[in-house]
Amino acid sequence: MSKPNPSKQSTVFCGIDVSAATLTAVVHQEDQRFEQRVFNNNASGHKALIAWLHKRKARVRVSLEATGIYSLDLAMALDRADGIEVAVLNPKLVHRFAQTLRRSKTDSADAQALAEYSRRMPFTPWRAPSLNSLQLRTISRHLLGLTAEYTRQNNRLHAAEKSAATPRCVVNDLKRSMASLNRRILRFRREARELVRSDETIRKRFELLIGIPGIAEISAVQLLGELSSLSPEMSVRQWVAHSGLDPVHQISGTSVHKPSRMSRAGNRYLRRALYMPALVAVRLDPHLKAFYETLLSRHKAKL
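Residue numbering for the sequence shown follows numbering that gives the first Met the number 0, beginning at 0 and increasing consecutively.
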């Protein structure tokens with residue numbers, strides 16, 4: 000099937016609301032009307048969606064929310080298709096945009112809001128990361144979950160050992176559970192190291208990261224896992240916003256004048272990966288320490 004040539008075509012805008020089972024796609028047409036179709040969220044549904052978009056004989060700009068595994072395969076299929084550009088958006092940003100449109104909360108309304116977002120807002124195309132980058136992100140997030148579970152079990156063990164009413168069998172079971180979790184954590188750390196060593200691009204980025212004061216091996220793996228999936232065309236400002244570290248100013252006439260704060264609207268995994276390196280860096284690097292103390296003198300929040 001011949002594909003549209005985007006250099007000679009107009010642009011149409013599409014929003015897709017992604018769920019586990021279905022895709023609700025809405026196209027914003029030149030006559031300001033919306034055309035809607037629902038597809039299955041699987042490989043055959045993705046193929047049918049792309050064929051439906053190609054019928055427009057135009058360049059198509061698609062926006063969808065980042066919903067983890069539910070949206071990833073779709074985004075990769077759209078990225079491979081000729082004549083289609085895809086943007087993967089922060090759900091909180093889309094929600095705020097939809098509120099300005101005063102839209103109700105339905106799949107159709109969400110898809111319409113995404114189509115409007117594509118049309119009105121700056122469009123940053125998403126580029127599919129390499130398979131190794133995606134696997135590293137999956138491993139790093141799995142490690143984070145295992146580590147959190149280990150911490151929970153350790154807290155339960157501490158509480159159990161403090162209570163005279165706890166039978167020894169419960170304490171022993173918690174210790175066995177923690178030992179098993181520790182073995183799994185060590186195994187996936189080895190998997191992450193091997194994956195980094197096997198990919199030259201990732202390895203070079205890893206070596207650059209661990210050369211930064213405060214960033215050790217585990218933090219570098221977490222940061223690489225999150226950053227490698229982002230578009231290289233993103234600006235510094237967009238990267239900061241993606242991590243949710245951008246400031247939010249709360250000023251409105253004389254009635255509202257609150258201190259600025261972090262938006263926290265971005266990738267929570269990325270913020271978490273940056274926290275410990277920042278904590279270490281302000282102790283080890285004299286320049287960062289001086290900057291941090293200056294912020295504290297202005298009554299900014301402590302790390």
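Just so you know, even glycine gets a beta-carbon here, dropped at the ideal spot from N, CA and C.
Per-residue burial, residue i [other beta carbons within 10 Å of its own, 16 or more giving buried]
{"i": "Cys13", "result": "buried"}
{"i": "Met0", "result": "Residue placement at Met0 is flagged as unreliable, the pLDDT there being 45, under the threshold of 50; the coordinate-derived value follows with that caveat. Exposed, because fewer than 16 other Cβ atoms sit within 10 Å of the Cβ of Met0."}
{"i": "Val128", "result": "Strictly speaking, residue 128 in this sequence is Pro, with Val absent from that position. With 16 or more other Cβ atoms within 10 Å, it is buried."}
{"i": "Leu130", "result": "exposed"}
{"i": "Ser6", "result": "Residue placement at Ser6 is poorly supported in this model, since its pLDDT is 49, which falls under 50; the coordinates are not used for a value here."}
{"i": "Arg282", "result": "exposed"}
{"i": "Pro166", "result": "exposed"}
{"i": "Asp81", "result": "exposed"}
{"i": "Lys2", "result": "The pLDDT assigned to Lys2 is 47, lower than 50, so where the model puts this residue is not dependable; a value taken from the coordinates is nonetheless given after this. By the 10 Å Cβ count, Lys2 comes out exposed."}
{"i": "Ile201", "result": "buried"}
{"i": "Glu64", "result": "buried"}
{"i": "Pro276", "result": "buried"}
{"i": "Ile68", "result": "exposed"}
{"i": "Gly144", "result": "exposed"}
{"i": "Tyr274", "result": "exposed"}
{"i": "Arg136", "result": "buried"}
{"i": "Phe38", "result": "buried"}
{"i": "Ala19", "result": "exposed"}
{"i": "Ala42", "result": "exposed"}
Under 9 angstroms between C-beta atoms of residue i and residue j
{"i": "Phe205", "j": "Ala219", "result": "yes"}
{"i": "Val25", "j": "Ala114", "result": "yes"}
{"i": "Arg140", "j": "Tyr268", "result": "yes"}
{"i": "Ser227", "j": "Ser132", "result": "yes"}
{"i": "Leu88", "j": "Leu48", "result": "no"}
{"i": "Glu84", "j": "Phe122", "result": "yes"}
{"i": "Ile138", "j": "Gly210", "result": "no"}
{"i": "Ala97", "j": "Trp125", "result": "no"}
{"i": "His45", "j": "Leu71", "result": "no"}
{"i": "Thr150", "j": "Ile184", "result": "no"}
{"i": "Val11", "j": "Arg79", "result": "no"}
{"i": "Leu308", "j": "Ile217", "result": "A question about residue 308 goes unanswered here, because the residues of the chain that appear run from 0 up to 302."}
{"i": "Leu180", "j": "Glu148", "result": "yes"}
{"i": "Ala264", "j": "Leu52", "result": "no"}
{"i": "Pro90", "j": "Thr105", "result": "no"}
For residue j and residue i, believed in contact at Cβ under 8 angstroms, the rounded distance
{"i": "Met233", "j": "Leu244", "result": "Wrong, their Cβ atoms sit about 14 angstroms apart, outside the cutoff."}
{"i": "Leu173", "j": "Arg155", "result": "6 angstroms"}
{"i": "Ala280", "j": "Gly213", "result": "3 angstroms"}
{"i": "Ala272", "j": "Leu222", "result": "5 angstroms"}
Check: residue i C-beta below 8 angstroms from any heavy atom of the ligand SAM
{"i": "Asp284", "result": "With respect to small molecules bound, the structure shown includes none, and the ligand SAM cannot be examined in it."}
is_contact[residue i, chain B] using C-beta, thresh 9 angstroms
{"i": "Ser18", "result": "Among the chains of the structure shown, chain B does not appear; only one protein chain is present."}
What are the start and end residues of each continuous alpha helix (DSSP H) run of 4 or more residues lying completely inside the segment 257 to 293, in chain order? Listed in chain order, the complete alpha helix (DSSP H) runs (minimum 4 residues) inside the segment 257 to 293 are 267 to 283.
What are the complete alpha helix (DSSP H) segments, minimum 4 residues, inside the segment 90 to 127? Here the runs fully enclosed are 90 to 100 and 106 to 119.
Using 8 angstroms as the cut-off, can you tell me whether the segment 56 to 64 makes contact with the segment 114 to 124, which would need three or more C-beta pairs spanning the two stretches below that distance? Yes, since at least three Cβ pairs between the segment 56 to 64 and the segment 114 to 124 fall closer than 8 angstroms, the two stretches touch.
Segments of 4+ residues assigned as alpha helix (DSSP H) that fall wholly inside the segment 41 to 74: Taking only runs of at least 4 residues, the alpha helix (DSSP H) segments lying wholly in the segment 41 to 74 are 42 to 53.
Fully enclosed by the segment 177 to 208, which alpha helix (DSSP H) runs are 4 residues long or longer? The alpha helix (DSSP H) runs of length 4 or more contained entirely in the segment 177 to 208 do not exist; there are none.
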